[in-house]
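Novice: Please see the structure below; I have some questions.
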Amino acid sequence: MELFNENSKLASVIHKDHSLLPVINRLGVKLGFGDKTIRNICEEREIDLNFFVEIINVFHYEAYFPEKRLLDFSVSMVIEYLVKTHRYYIDYLIPENDRLIELFLSANPEQSTENDLVRKFYTKFKEEFVIHIDFEESVMFPYVLELNQVIENPLSRPNFRQKYPDFSISGFEKEHSAMDDKMDDLKNIIIKYLPPNYDQNRGNAFLSNLFMFEKDLKNHSRIEDHILLPKVKQLEMILQSHE
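Convert by adding 47 to the 1-based position in the sequence shown; the result is the number in this note's numbering.
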């Protein structure tokens, strides 16, 4: 599969893979850029060119994951991108899923075990996913940013240790696989157990949105698991070596 580079025209990138639109938005670019190249746009908007190119290629081609190059980016840059991704999930994808599932279930208003099962699994998944995001933004990301500051400014080390006496990033690694499994369960419930008289178009729209959500979420998890977490472990080792 063709990979994009700094000389690729962004309009051509979108024509070749329109699923990159939300990724490009999260990187700080909206439509209306004419025939400009990725380099032109990044220079105009003061966006890190290498980060932009690597992220869109990661999302464009699943087998592409330049771990060594991505590890060169700062934790603050990675976290800023991850937070923007969370906002996309919370502000758009989840409300859109809410809308689509209600349209779908309202087309078959009769009470049924299948409808109840779909609604139950979806509600459970959404609740756990929101808790997962809240934990990252309220606990994990602040910890990472403060840890990075401590490495840069050792004088703040005692305060950091007092605030986070036992916290370690290693306990976080299993979280994403659990969320991936729950997404698979939700899709399987919908695919296997819908009543025979369900509205095909509404059901397909809801399921298509879930598949799009799943693809985005898996790439998001790869960035956290293979880039952010290794960088944090490295910082934790540096901190321990100075104690």
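Backbone N, C-alpha and C define an ideal beta-carbon position, used for all residues, glycine too.
Looking only at its chain, what residues have a beta carbon closer than 7 Å to the beta carbon of L241, apart from the 5 residues adjacent to it on each side?
Specialist: So the list reads E161 and G250, once near-sequence residues are dropped.
Novice: In terms of residue numbering, what span does the alpha helix (DSSP H) encompassing S268 cover?
Specialist: That run of the alpha helix (DSSP H) goes Q247 to I270.
Novice: Can you give me the C-alpha to C-alpha distance between K262 and L67, rounded to a whole angstrom?
Specialist: Their Cα atoms are separated by approximately 11 Å.
Novice: Quick check on this structure: which residue in Q209, K234, F120 and R166 has the alpha carbon closest to the alpha carbon of N97?
Specialist: Per the Cα distances, F120.
Novice: Can you list, in chain order, the residues of its chain with a C-beta nearer than 6 Å to that of L297? Leave out the 5 residues immediately preceding and following it.
Specialist: This structure does not reach residue 297, given that the chain is present from 48 up to 290, and the question cannot be answered.
Novice: According to the Cβ coordinates, are V60 and L275 closer than 7 Å?
Specialist: Against a cut-off of 7 Å, the Cβ pair of L275 and V60 comes out as no contact.
Novice: What residues in its chain sit with their C-beta under 6 Å from that of L152, if we drop five residues either side in the sequence?
Specialist: Excluding positions up to five away in sequence, the list reads N162.
Novice: Can you list, in chain order, the residues of its chain with a C-beta nearer than 8 Å to that of V100? Leave out the 5 residues immediately preceding and following it.
Specialist: F51, N52, E53 and I85, listed in sequence order.
Novice: Counting only the same chain and skipping the five closest in sequence on each side, list residues whose C-beta sits under 7 Å from that of A252.
Specialist: Counting only Cβ-Cβ distances below 7 Å, and skipping sequence neighbours, we find L147.
Novice: So which of L117, I216, E174 and G79 has the shortest CA-CA distance to P142?
Specialist: Of L117, I216, E174 and G79, the residue nearest in Cα terms is E174.
Novice: Spatial neighbours of M230 within its chain, please: C-beta separation below 8 Å, excluding the five flanking residues on both sides.
Specialist: Excluding positions up to five away in sequence, the list reads F172, L257, F260, E261 and L264.
Novice: So the alpha helix (DSSP H) I180 belongs to, where does it begin and stop?
Specialist: Segment T160 to F182, the alpha helix (DSSP H) holding I180.
Novice: With the cut-off set at 7 Å, would you say I237 and V165 are in Cβ contact?
Specialist: It is a contact, given that the beta carbons lie within the stated cut-off.
Novice: Nearest-angstrom Cα distance between Y211 and Y128?
Specialist: Using only the alpha carbons, I get a separation of about 24 Å.
Novice: Identify the continuous alpha helix (DSSP H) that holds M284 and give its terminal residues.
Specialist: Segment L276 to S288, the alpha helix (DSSP H) holding M284.
Novice: Return the CA-CA distance between R116 and D246, expressed in angstroms with no decimal places.
Specialist: Approximately 46 Å, taken between the alpha carbons.
Novice: On the premise that I94 lies in contact with G81, defined as a C-beta separation below 8 Å, what is that separation, rounded to the nearest angstrom?
Specialist: The Cβ separation is near 17 Å, so there is no contact.
Novice: In whole angstroms, what separates the C-alpha of N200 from that of E193?
Specialist: The straight-line gap from Cα to Cα measures roughly 10 Å.
Novice: Taking buried to mean at least 16 other C-beta atoms within 10 Å of its own C-beta, is R73 buried or exposed?
Specialist: Under this definition R73 is a buried residue.
Novice: Quick one, are the C-beta atoms of V70 and F106 less than 7 Å apart?
Specialist: In contact: V70 and F106 (Cβ atoms closer than 7 Å).
Novice: Go through its chain and collect everything with a Cβ distance to K56's Cβ below 6 Å, but skip five positions before and after it.
Specialist: These residues qualify, in order along the chain: D82 and T84.
Novice: DSSP three-state label for K56, please.
Specialist: DSSP places K56 in strand when its eight states are reduced to three.
Novice: Which partner residues does T84 have in the DSSP bridge list?
Specialist: T84 pairs with K56.
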